[in-house]
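Participant: Each residue of the sequence shown is one higher than the one before, starting from 592 at the first, in the working numbering.
Virtual Cβ for every residue (Gly too), placed ideally from N, Cα, C.
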Amino acid sequence: MAQPRWNRILITGACGRLGSHLRTGLAGAAQVLRLTDIRDPGPAAPGEEVVVADLSDLDAVHRLMEGVDLVLHFGAVMVRQPWDVVLPANIIGSYNVFEAARRAGVKRIVYASSSHAIGMYRCDEVLDADSPPRPDTPYGLSKAFGESLARMYFDKYGIEAACLRIGSCFEKPTDERMLATWLSHADLVRLCRACIDAPVLGYAIVYGQSDNPRSFWDNGRVRFLGYHPQDSAAQFVDSIQAPASDAERHPADALQGGRFVLYPEDAA
Ligand code: 15L
Numbered sequence: 592m593a594q595p596r597w598n599r600i601l602i603t604g605a606c607g608r609l610g611s612h613l614r615t616g617l618a619g620a621a622q623v624l625r626l627t628d629i630r631d632p633g634p635a636a637p638g639e640e641v642v643v644a645d646l647s648d649l650d651a652v653h654r655l656m657e658g659v660d661l662v663l664h665f666g667a668v669m670v671r672q673p674w675d676v677v678l679p680a681n682i683i684g685s686y687n688v689f690e691a692a693r694r695a696g697v698k699r700i701v702y703a704s705s706s707h708a709i710g711m712y713r714c715d716e717v718l719d720a721d722s723p724p725r726p727d728t729p730y731g732l733s734k735a736f737g738e739s740l741a742r743m744y745f746d747k748y749g750i751e752a753a754c755l756r757i758g759s760c761f762e763k764p765t766d767e768r769m770l771a772t773w774l775s776h777a778d779l780v781r782l783c784r785a786c787i788d789a790p791v792l793g794y795a796i797v798y799g800q801s802d803n804p805r806s807f808w809d810n811g812r813v814r815f816l817g818y819h820p821q822d823s824a825a826q827f828v829d830s831i832q833a834p835a836s837d838a839e840r841h842p843a844d845a846l847q848g849g850r851f852v853l854y855p856e857d858a859a
C-alpha cells in the first residue's frame with residue numbers, strides 16, 4: 592500500500608462533535624494522527640498520538656506543533672457563546688495555532704470556519720469562494736477572523752489553507768434551514784480528505800455542505816479540490832415540516848444564519 596504523503600497530521604478539537612468523526616474517518620491519512628483537545632481524548636490507538644492542551648496557551652501549542660506537517664484546526668467553542676468565552680478559545684486559540692504552525696514549518700492548515708461567518712447574507716443570495724464574510728454573532732466574527740488569519744499566513748508565509756465554511760454538520764437535517772446547510776458526517780470526512788490530498792491547495796474558501804438542492808452556496812471555484820459530496824438533504828424533505836404560513840416565519844429565517852443570528856440579544 593502507498594505510504595501517506597503526510598507524516599504527521601494534528602487535529603485540534605479532536606473530542607468535539609466534528610473532531611470525533613475526523614478521528615475515525617481520517618485514520619490512515621498520515622503516518623501519525625496527533626489528536627488534541629482540552630478534554631482527554633482517551634487512549635491512543637495504533638497510528639495515533641494524544642495530547643491534552645489548551646489552545647489559548649501558546650507554549651502548549653508550540654509543543655503540540657513539533658513534527659507536524661498539516662493541521663486540521665477544529666478546536667473552538669460553539670455558536671451560542673458570549674464574547675468573553677469566544678475570545679480566548681477561538682480568537683487567541685486560532686492565532687496561537689497559526690503562529691505555532693508557522694514556526695514549526697507546517698505546510699497546510701484546514702480551518703473549520705462556519706456558515707456563521709456569512710450568516711447575515713440573505714437566503715436568496717448565492718455565495719461563492721469570493722463572497723466576503725458577513726458574520727452574525729461573536730462566534731461568526733471569530734470564524735471570519737480565522738479566515739483572515741489563514742489568508743495572512745498564506746500571503747506572507749505560503750502556508751496553504753482551506754477555510755471550510757461548514758453548514759450544519761449533523762446526522763440528518765432537522766429543520767427547513769438545514770435542507771440548505773446540511774453536511775453529513777461522511778461528507779465532512781470526504782471534504783477534509785480532499786483538502787489533505789489535493790496536490791496544490793493555495794488559499795481556498797470552501798463551503799462545507801452535502802449535495803443539497805436548496806443550497807445557498809456554490810463550490811464551483813474550488814472544483815480542483817475534487818470534493819464530491821455523496822449525501823443530500825433531498826431525501827429528508829418530506830420528513831421536515833415547513834411553517835404552515837408566513838406568519839409563523841421569523842424575519843431571521845430570511846438570513847443564512849437563521850435564528851442563530853438572534854444571539855446574544857435573545858439570550859439577554
Ligand atoms: C455552527 O457553526 C455550529 O457549530 C453548529 O452547532 C450548528 O449550529 C451550525 O453552525 C448551524 O448553523 O446549523
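Can you give the beta carbon distance from leucine 718 to methionine 656, rounded, assuming they're within the 8 Å contact cut?
Facilitator: Not quite, the Cβ-Cβ distance comes to about 32 Å (not below 8 Å), so this is no contact.
Participant: Return the first residue and the last residue of the beta strand (DSSP E) that glutamine 639 is part of.
Facilitator: According to the sequence as given, residue 639 is glutamate; it is not glutamine. Start and end: 639-643.
Participant: For glycine 799, report the span of its beta strand (DSSP E) as first-last.
Facilitator: Unbroken beta strand (DSSP E) run through glycine 799: 794-799.
Participant: Is the number of C-beta pairs between the stretch 833-844 and the stretch 788-797 that are closer than 8 Å three or more?
Facilitator: Taking 8 Å as the limit for Cβ pairs, the verdict is that the stretch 788-797 does not touch the stretch 833-844.
Participant: Could you check if valine 677 is buried or exposed, using at least 16 other CB atoms within 10 Å of its CB as the buried criterion?
Facilitator: That one is buried.
Participant: Taking 8 Å as the cut-off, does the stretch 640-652 touch the stretch 664-684 (at least 3 CB pairs, one atom from each stretch)?
Facilitator: Yes: at least three Cβ pairs fall under 8 Å.
Participant: Classify aspartate 650 as helix, strand or coil using the three-state DSSP reduction.
Facilitator: Three-state DSSP puts aspartate 650 in a helix.
Participant: Note down the Cα distance separating serine 705 from proline 637, rounded to an integer number of angstroms.
Facilitator: Answer to the nearest angstrom: the Cα atoms are 31 Å apart.
Participant: If I'm right that alanine 618 touches valine 662 with Cβ under 8 Å, what's the distance once you round it to whole angstroms?
Facilitator: No, alanine 618 and valine 662 are not in contact; Cβ-Cβ is about 17 Å, not under 8 Å.
Participant: Pull up the CB-CB distance for histidine 707 and glycine 848, whole angstroms please, since I reckon it's below 8 Å.
Facilitator: Sure, about 5 Å apart at Cβ, within 8 Å.
Participant: Tell me the rounded alpha-carbon separation between glutamate 639 and proline 729.
Facilitator: Rounded to the nearest angstrom, the two C-alpha atoms are 33 Å apart.
Participant: When DSSP builds the beta bridges, which residues end up paired with cysteine 760?
Facilitator: According to DSSP, which records beta bridges pairwise, cysteine 760 is partnered with Leu774.
Participant: Which word fits asparagine 598, buried or exposed, when buried means at least 16 other C-beta atoms lie within 10 angstroms of its C-beta?
Facilitator: Exposed, because fewer than 16 other Cβ atoms sit within 10 Å of the Cβ of asparagine 598.
Participant: Name the two residues that bound the continuous alpha helix (DSSP H) containing aspartate 675.
Facilitator: Start and end: 674-677.
Participant: What is the DSSP secondary structure of alanine 680, counted as helix, strand or coil?
Facilitator: Three-state result, alanine 680: helix.
Participant: Determine the extent of the beta strand (DSSP E) in which serine 705 is found, giving its start and end residues.
Facilitator: First-last of the beta strand (DSSP E) with serine 705: 699-705.
Participant: For arginine 625, which of helix, strand or coil comes out of DSSP?
Facilitator: Three-state DSSP puts arginine 625 in a strand.
Participant: Ignore the nearest five residues each way along the sequence and tell me which others in glutamine 832's own chain have a CB closer than 6 Å to its CB.
Facilitator: The answer is none, since no qualifying residue turns up.
Participant: Does chain B have any CB closer than 8 Å to the CB of alanine 621?
Facilitator: Reference to chain B is not applicable here, since this structure consists of a single protein chain.
Participant: Give the DSSP bridge partners of isoleucine 787, in chain order.
Facilitator: For isoleucine 787, which the question treats as bridged, DSSP gives no partner whatsoever.
Participant: For aspartate 822, count neighbouring Cβ atoms within 10 angstroms of its own Cβ and tell me buried if that reaches 16, exposed if not.
Facilitator: Burial call: buried.
Participant: Starting from leucine 732, follow the alpha helix (DSSP H) in both directions and report where the run begins and ends.
Facilitator: Element bounds for leucine 732: 729-748.
Participant: Could you tell me the distance, in whole angstroms, from the CA atom of valine 542 to the CA atom of arginine 713?
Facilitator: As displayed, the chain neither begins before 592 nor continues past 859, which places residue 542 out of reach and without an answer.
Participant: Does the beta-carbon of histidine 707, which I'm using as the reference point, lie nearer than 7 Å to any heavy atom of the ligand 15L?
Facilitator: At least one heavy atom of the ligand 15L is nearer than 7 Å to the Cβ of histidine 707, so yes.
Participant: Given this structure, state the Cα-to-Cα distance separating alanine 621 from alanine 843, to the nearest angstrom.
Facilitator: Whole-angstrom Cα-Cα distance: 42 Å.
Participant: Could you give the C-beta distance for valine 828 and leucine 782, rounded to a whole number, given that I count them as a contact under 8 Å?
Facilitator: Not confirmed; about 23 Å, so no contact.
Participant: Is isoleucine 796 a contact residue of the ligand 15L, with contact defined as CB to any heavy atom under 7 Å?
Facilitator: No - the ligand 15L has no heavy atom lying nearer than 7 Å to the Cβ of isoleucine 796.
Participant: Have a look at the DSSP bridge pairing and note the partners of leucine 663.
Facilitator: Per DSSP, Ile602 and Val701.
Participant: Need the endpoints of the alpha helix (DSSP H) that histidine 612 sits in, please.
Facilitator: Histidine 612 -> alpha helix (DSSP H) spans 610-616.
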